[in-house]
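Residue 1 is where the sequence shown starts when you use this note's numbering, and the numbers rise one by one after that.
First up is the structure itself, then whatever we jot down about it.
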Amino acid sequence: MQLTQRGIGPALPGKSGTVREFQKHHHDRTYYDDRSGMLVNGQYRLEKIVGRGGMGTVYLATDTKRNEAVAVKIRDGNTIRSVSPKRITSEIQALSQVRHRNVVSMKDAGTCGADSFIVMEYLEGMDLDRYIAQEGTVPYADAIPILAQICSGLGALHDKGIIHRDVKPHNVFLLRDGTVKIFDFDLSRFSGQEQAELHESRHGYIIGTPHYLPPEAFKGIRPDHRADIYAVGVIMYRMLCGALPIDCDEVAQIMGKILFENPAPPSARNPSLPQRADEIAMRALEKEPERRFQSMDEMRRELQSGAALFLKIPALRFGLGDIGPEDPTVRAGIITQPLLASSDWA
Ligand SMILES: Nc1ncnc2c1ncn2[C@@H]1O[C@H](COP(=O)(O)OP(=O)(O)O)[C@@H](O)[C@H]1O
Ligand SMILES: [Mg+2]
């Protein structure tokens, strides 16, 4: 991964307007500072950058008190959405109440100067975006357990009054054993949050990736947990078809289509899909929140009912890039792992 030298600013984009250009500009603007080697809060030694996105830089770090690997995400005080320490504390308190196998676990948080940091369990594997890119399309039988776990994790958040609001494959992690972890709560809404802050992060949300936003997000209506359900529908569609339901790049066009056009059912793009896949995806993608699944649990149950067909647990393949060269199985080019223990299907 190429890092720009500290202090050298990014070039401004020549032309703006498309999501990709914005993301590129945003990416360049925010991350030219590698703090590897730094000790955060006297406890977390930053080892190397493992991810960079819209809101911060994520490092593999060592918790020097416990001598264990952790992930530390640093939000630069200069980014478009700097966050008050008070808010960080309340967010972390809310998140630390969510102990669920499909939600990344939070360990610590704080501020260093103008910047803030959160400490999480360190995840090894790859994000779902990369997995889909690698696979092209994900077979229905493989997609079900992944989607069901996404539903479980989000359901646990919803139970605590937390709406994720940035559900997309980039923010879903797949561990090597096939366990799914939801992460990246930068845009999440926590119950009791003030309208002003909501507005602030809604702004951030829309300029992120609009493809996963439900129609109500563009109508000035405060999206509720059913916005996350819609986004899982988009993920499902993308996994099964290898394409987004609304597949264009201009923000205004995306918005218009999300509001007024119905996407073709997944089977129109991938004829091998069962009718059930169409029914579930299209229900999650209903324009009116009232017509969607009303809870993550309802969607999960729908995904898993009839899944006895798929009791042979599918395998997850991780590509070469993700696994260290020291791993002997890499020579085969493919690693297969059971996706879920069969007890998870009960
Ligand atoms: N707990 C973690 N363990 C390992 N890698 C992580 C962890 N959290 C984030 N990452 C990596 O950092 C990237 C960006 O993290 P994310 O929280 O999504 O930031 P952003 O808000 O910038 O999108 C992720 O795509 C992932 O590759
Ligand atoms: Mg992210």
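Virtual Cβ for every residue (Gly too), placed ideally from N, Cα, C.
- Judged by their CB atoms, Val103 and Lys181 are nearer to each other than the 8 Å cut-off.
- Taken atom to atom, the span from the alpha-carbon of Asp129 to that of Glu121 is near 20 Å.
- For Ser96, the secondary structure class from DSSP, reduced to helix, strand or coil, is helix.
- Counting the other Cβ atoms within 10 Å of the Cβ of Gly306 gives fewer than 16, which makes it exposed.
- For the set Gly56, Gly136, Glu47, the Cα lying nearest the Cα of Thr62 is the one of Glu47.
- Listed by position along the chain, the residues with Cβ atoms less than 6 Å from a non-hydrogen atom of ligand 2 are Gly53, His170, Asn171, Asp184.
- Burial state of Gly220 is exposed, judged by a 10 Å Cβ sphere holding fewer than 16 other Cβ atoms.
- Contact between Ile235 and Ile246 does not hold, since the beta-carbon distance rounds to 13 Å and is not under 8 Å.
- Rounded to whole angstroms, Val119 and Asn262 show a C-alpha spacing of 41 Å.
- When the five nearest sequence neighbours on each side are left out, the beta carbons in the same chain lying within less than 8 Å of the beta carbon of Ile132 are those of Val138, Pro169, Arg238, Met239, Gly242, in order along the chain.
- Taking C-beta atoms under 8 Å as the contact rule, Glu91 and Phe190 qualify, at a distance of about 6 Å.
- Residue ranges of uninterrupted beta strand (DSSP E) with 3 or more members, entirely inside the stretch 133-182 and ordered along the chain, are 172-175, 180-182.
- The shortest C-alpha to C-alpha distance from Val40 to any of Arg52, Arg75, Leu303, Met55 is the one to Arg75.
- Our two residues, Arg99 and Gly155, have alpha carbons roughly 12 Å apart in a direct line.
- Per DSSP, reduced to three states, the secondary structure at Met55 is coil, with no helix or strand assignment.
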